[in-house]
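Enquirer: Residue numbers (this note's numbering), protein chains in the order written: chain A, 1 to 233; chain B, 234 to 532; chain C, 533 to 887. Quick reminder that beta carbons are idealized off the backbone N, C-alpha and C, glycines included. Sharing a structure here in structure tokens format.
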């Protein structure tokens, strides 16, 4: 579904991602792991068209080069950004409405909202609350719900566990697993490798902008190779 | 009693005019950090559109007003497309100077192609009559100005709370990239903001022309300067602040005129701007600056 | 030449300032030798503009705060010396009711200039203490407030400033060579400030305020220094102007002049002193040429119509194009001497004997 070929992302003299190639198949959950500064977020930004990258990125066989962020979203890619980035001055319901901005008609929007509320009943309770006053976990739920509103075919999650208590992280990943079970294609970027590997089918470990390790999630979880890759050995 | 009411309406109608213009400045600033000094030329465009309409023989005030407002909306969108889009991600100073450039171009175009001197434009003069309201004599223009401004602000509020595009504008004031992640086109959101600012400026232009009865190339400069100050009083980028600041400025101006002795009336601007400077030093973020309002910018 | 360019420290700044002044001196010498009197007057106006823009550059170029108030100092400098040096017989016509016995006072220009500079120093320090504390858009607005307040006072304090009509009868003794000397000194001063530790700190703070503050730079102090120096230079320009023309009016220093000089600065590149010369030259000469067109000249046997506003139109287009295509101005961040050094280094065969 998503293919990345020889992607390189540079910021001035610094190369954040070098010659990266990976693919995500339909219905699959792929984890992109690695320590801070490994190039994970730059890869995501390149996929979304928010950072300029060299190389080929294709979605459903369609080359994304030259498409704006907005157009990529319209093709069916949704990003849950790092740090959640909910619209803090808007209510939960308004956040969701904006997430479904591309849906035509009130009925479609209400249906999508109801689906999100089924997935995250907590959000339904807080629908009239201003998003800035939600707890970190609730904001993460809202960010995921907002991304789901548009009915994406590929959902990309950037550090969904960032800054959350372990109990909340477990809840969030439980919901992510539910999304995967429903057949949604997922690309999860995480520093918290164990959680991500439990949900994912396959995983890539990035280090210094390159793939240091790739394989089945279960295998990676079982062997100790992961720690070695993280330490850059 | 009559006198007090008259002064009150005076202040409120000036305040309404400033608020309309300030709101347009604040909407654009909250979205893209642009201090749009060319906003005054939007007012001039509306007024000159009215002038041309009279020239070709159309003199129904309602028609002229509508066309003038439409012209200012188009003008604002055109400014964005031609001049401001290329500097969208540039520092504030670059945007500010670009706006000055646009302002100079438009002013001089009117100077060159119409006339450097004021031209009479009495088409909205009918608004300058007094009407009886509950036994009190009040100016129709002032009533209309206050009423239309309040209606426009309410309509804007509904738009910002109910429509997707309005929600997007409130959200984009905080975090533009995430709004793009929702699939909403940045260009469309910003063009809408400019269209709204043009609409508000167009309405203000009708009232300004009605009051002056004439047009001239730099007629937008002073009103926008005042509106700019209103934004600063309220807190730059805050829409609520712009409205509040506009009315505060209107009342301060009329108040100072009442307090100052006749011989020093000419120093009104000096006193007003000294007060503004004091306020700015004491509270650089403006009255509403620290509070989260409709579209405050986090920085 | 190579040796001069290789100097370090303050000497390098002095040489840099002199190199920036060199083309100005060259043009003016040509004007003095060959051009008719009216061209000489235009050249003088150009020199005044260079000093005004240099004063603007010292503050805006280093602190990156748009200054809408700099012409206030030009006006005040001009008015102060005008009030102090105009013969009492004249003043009886212009400002008979001037306070503090100023109506009957007449000073030699030299003490008058010194007193005027001290007055501007005091006023600039006072306003600077306020403005330097505010950052961002607030500071821009404060300079705007200053402009409106001072203009309003100039217009309405008719006893002292003659108000809306022109103040005339000021002694006219300035000549082009003297103005040239002032321009050279001012350009060297501006360059010295730009390269001084204070100038460098100020420029750094304009790029990243927090970083500069966290490194212990007292940003407000640096801004104040630039503000006061800029004001003194601008006031000098005002004196140059009035001692040549002999008459002033507050209107000519208001917003249209503010925008004109700001346009000169940004076109040349506000970060450099050389940019001051480049921007002023391009716009001053360009506008003079367009003004000829505005008056409806006969060209190729055709009587062209009058086109008032054309110069302004072109000015505006230049500003917009400049911001869109080259926001850092013609010179960017490089001074003339930097370009010379790069050129010398690139010349084949010269690399070996560089010191």
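#1: Any C-beta of chain B sitting closer than 8 Å to the C-beta of residue 791/C?
#2: Using a Cβ-Cβ distance cut-off of 8 Å, determine whether residue 159/A contacts chain B.
#3: In the DSSP assignment, find the alpha helix (DSSP H) that holds residue 251/B and state where it starts and stops.
#4: Of all Cβ atoms in chain C, is any one closer than 8 Å to the Cβ of residue 285/B?
#5: State yes or no: is the C-beta of residue 846/C within less than 8 Å of the C-beta of residue 722/C?
#6: Within the same chain, show all residues whose beta-carbon is closer than 6 Å to that of residue 549/C, passing over the 5 residues directly before and after it, in chain order.
#7: For a contact defined as C-beta to C-beta under 7 Å, what are the partners of residue 688/C on chain B?
#8: What whole-angstrom Cβ distance do residue 666/C and residue 778/C have, given they're in contact under 8 Å?
#9: Where does residue 373/B fall in DSSP's three states?
#10: When you compare the CB of residue 665/C with every CB in chain B, is at least one pair closer than 8 Å?
#11: For residue 513/B, decide whether its Cβ has a neighbour in chain C, counting only Cβ atoms nearer than 8 Å.
#12: Buried or exposed: which applies to residue 795/C, given that a residue is buried once 16 or more other Cβ atoms fall within 10 Å of its Cβ?
#13: What three-state label does DSSP hand residue 11/A in the structure shown?
#14: Closest Cβ-Cβ distance between residue 528/B and chain C: below 8 Å?
#15: Please tell me whether residue 341/B has its Cβ less than 8 Å away from any Cβ of chain C.
#16: For a minimum of 4 consecutive residues, which ranges assigned as the alpha helix (DSSP H) are wholly contained in the segment 369 to 457 of chain B?
#17: With a cut-off of 8 Å, does the C-beta of residue 246/B fall near any C-beta of chain C?
#18: Look up residue 56/A in the DSSP assignment and say whether it is helix, strand or coil.
#19: State buried or exposed for residue 281/B, treating a residue as buried only when at least 16 other CB atoms are found within 10 Å of its CB.
#20: Along chain B, in chain order, which residues have C-beta atoms closer than 9 Å to that of residue 756/C?
#21: Please report whether the beta-carbon of residue 416/B lies at a distance below 8 Å from any beta-carbon of chain A.
#22: Under the three-state reduction of DSSP, which class applies to residue 216/A: helix, strand or coil?
#23: Using three-state DSSP, classify residue 210/A as helix, strand or coil.
#24: Counting contacts by CB-CB distance shorter than 8 Å, is residue 796/C in contact with chain B?
#25: Tell me whether residue 485/B is buried or exposed, calling it buried when 16 or more other Cβ atoms sit within 10 Å of its Cβ.
#26: Residues of chain B with CB closer than 7 Å to the CB of residue 105/A, please, in chain order.
#27: Judging by CA-CA distance, which residue of 854/C, 575/C and 862/C is the nearest neighbour of residue 316/B?
#28: How is residue 28/A classed by DSSP in three states: helix, strand or coil?
#29: What three-state label does DSSP hand residue 860/C in the structure shown?
#30: Chain A partners of residue 410/B, CB-CB under 7 Å?
#31: State the DSSP-derived secondary structure class of residue 62/A, mapped to helix, strand or coil.
#32: Measuring CA to CA, which of 746/C, 800/C, 790/C and 717/C is closest to residue 765/C?
#33: Is there a C-beta anywhere in chain B that falls below 8 Å from the one on residue 861/C?
#34: Below 8 Å on the Cβ atoms is my contact criterion, and I expect residue 442/B with residue 354/B to pass it. Report the Cβ-Cβ distance as a whole number of Å.
#35: Restricting to Cα atoms, I'd like to know which of 495/B, 490/B and 356/B is closest to residue 291/B.
#36: Tell me which residues of the segment 372 to 401 of chain B have at least one Cβ-Cβ distance to chain A shorter than 9 Å, keeping chain order.
Expert: A quick look at the data gives this:
#1: As a first step, residue 791/C must be located in the third chain, where it is residue number 259. So, interface residue.
#2: Numbered from its first residue, the first chain carries residue 159/A at position 159. Not closer than 8 Å to any Cβ of chain B, the Cβ of residue 159/A fails to qualify, so no.
#3: The residue labelled residue 251/B in the question sits at position 18 within the second chain. Looking at the DSSP string, the run of the alpha helix (DSSP H) that includes residue 251/B is 235 to 265.
#4: Along the second chain, one-based indexing puts residue 285/B at 52. Chain C contact via Cβ: absent.
#5: The residue given as residue 846/C occupies position 314 in the third chain. The residue given as residue 722/C occupies position 190 in the third chain. Not closer than 8 Å, so no.
#6: To locate residue 549/C, count along the third chain from 1; it is residue 17. Closer than 6 Å at the Cβ level, and outside the excluded window around residue 549/C, lie 719, 720 and 723.
#7: Position 156 of the third chain, counted from the start, is the residue given in the question as residue 688/C. Chain B residues near residue 688/C: 499 and 500.
#8: Start at 1 with the first residue of the third chain, and residue 666/C comes out as number 134. Start at 1 with the first residue of the third chain, and residue 778/C comes out as number 246. At roughly 38 Å, the Cβ-Cβ gap does not stay under 8 Å, so residue 666/C and residue 778/C are not in contact.
#9: The residue you call residue 373/B lines up with position 140 of the second chain. Residue state, collapsed to three classes: helix.
#10: Translated into the one-based positions of the third chain, residue 665/C becomes position 133. Answer yes: the Cβ-Cβ gap between residue 665/C and chain B drops below 8 Å somewhere.
#11: Reading the second chain from its first residue, position 280 is the one you call residue 513/B. With 8 Å as the cut-off, residue 513/B counts as an interface residue toward chain C.
#12: On the third chain, residue 795/C is found 263 positions in, with the first residue counted as 1. Counting Cβ neighbours within 10 Å, residue 795/C comes out buried, since at least 16 surround it.
#13: Counting from 1 along the first chain, the entry for residue 11/A is found at position 11. In the structure shown, residue 11/A adopts extended strand secondary structure according to DSSP, grouped into three states.
#14: As a first step, residue 528/B is located in the second chain; it is residue number 295 there, counting from the start. At residue 528/B the pLDDT is 36, less than 50, meaning the model places this residue with poor confidence; the figure from the coordinates comes in the next sentence. Taking CB atoms only, residue 528/B has no neighbour in chain C less than 8 Å away.
#15: Taking the second chain and counting its residues from 1, one reaches residue 341/B at position 108. Contact of residue 341/B with chain C is assigned, a C-beta pair being separated by under 8 Å.
#16: List check, alpha helix (DSSP H) in window: 373 to 395, 397 to 405, 409 to 414 and 419 to 445.
#17: Indexing the second chain from 1 puts residue 246/B at position 13. The beta carbon of residue 246/B sits no closer than 8 Å to any beta carbon of chain C.
#18: Translated into the one-based positions of the first chain, residue 56/A becomes position 56. Note: residue 56/A maps to strand in three-state DSSP.
#19: For the purposes of this step, residue 281/B is taken as the residue at position 48 of the second chain. Answer is buried; the Cβ neighbour count reaches 16.
#20: As a working mapping, residue 756/C is identified with position 224 in the third chain. Within 9 Å of the CB of residue 756/C, no CB atom of chain B is found; the nearest one sits about 14 Å away.
#21: By one-based count along the second chain, residue 416/B stands at place 183. Taking Cβ atoms only, chain A reaches closer than 8 Å to residue 416/B, which makes this a yes.
#22: Looking up residue 216/A in the first chain gives position 216. Looking at residue 216/A - three-state DSSP - the assignment turns out to be strand.
#23: Sequence index remark: in the first chain, residue 210/A carries index 210 (1-based). Three-state DSSP puts residue 210/A in a strand.
#24: Working through the third chain from its first residue, we reach residue 796/C at position 264. False, the Cβ-Cβ gap to chain B never drops below 8 Å.
#25: For the purposes of this step, residue 485/B is taken as residue 252 along the second chain, with counting starting at 1. Residue 485/B comes out buried.
#26: Sequence index remark: in the first chain, residue 105/A carries index 105 (1-based). Those do not exist, as residue 105/A stays about 12 Å from chain B at its closest Cβ, beyond 7 Å.
#27: Position 83 of the second chain, counted from the start, is the residue given in the question as residue 316/B. Checked all of 854/C, 575/C and 862/C; the closest Cα to residue 316/B is 854/C.
#28: Reading the first chain from its first residue, position 28 is the one you call residue 28/A. Here residue 28/A carries a coil assignment [DSSP, helix/strand/coil].
#29: Here residue 860/C refers to the residue found at position 328 when the third chain is read from its first residue. For residue 860/C, the three-state secondary structure derived from DSSP is coil.
#30: For this step, residue 410/B is matched to residue 177 along the second chain. By Cβ distance, chain A contributes 50.
#31: Locating residue 62/A in the first chain gives position 62, where the first residue counts as 1. Reduced to three states, the DSSP call for residue 62/A is strand.
#32: Working through the third chain from its first residue, we reach residue 765/C at position 233. Nearest option by C-alpha distance: 717/C.
#33: On the third chain, residue 861/C is found 329 positions in, with the first residue counted as 1. Residue-level contact check: residue 861/C does not touch chain B, since none of the beta carbons of chain B fall below 8 Å from its beta carbon.
#34: The sequence position of residue 442/B within the second chain is 209, counting from 1. The sequence position of residue 354/B within the second chain is 121, counting from 1. About 6 Å separates the beta carbon of residue 442/B from that of residue 354/B, a gap short enough to meet the 8 Å contact definition.
#35: Here residue 291/B corresponds to residue number 58 of the second chain, with the count starting at 1. Of the listed residues, the one whose Cα sits closest to residue 291/B is 356/B.
#36: Within the segment 372 to 401 of chain B, the qualifying residues are 394, 397, 398, 400 and 401.
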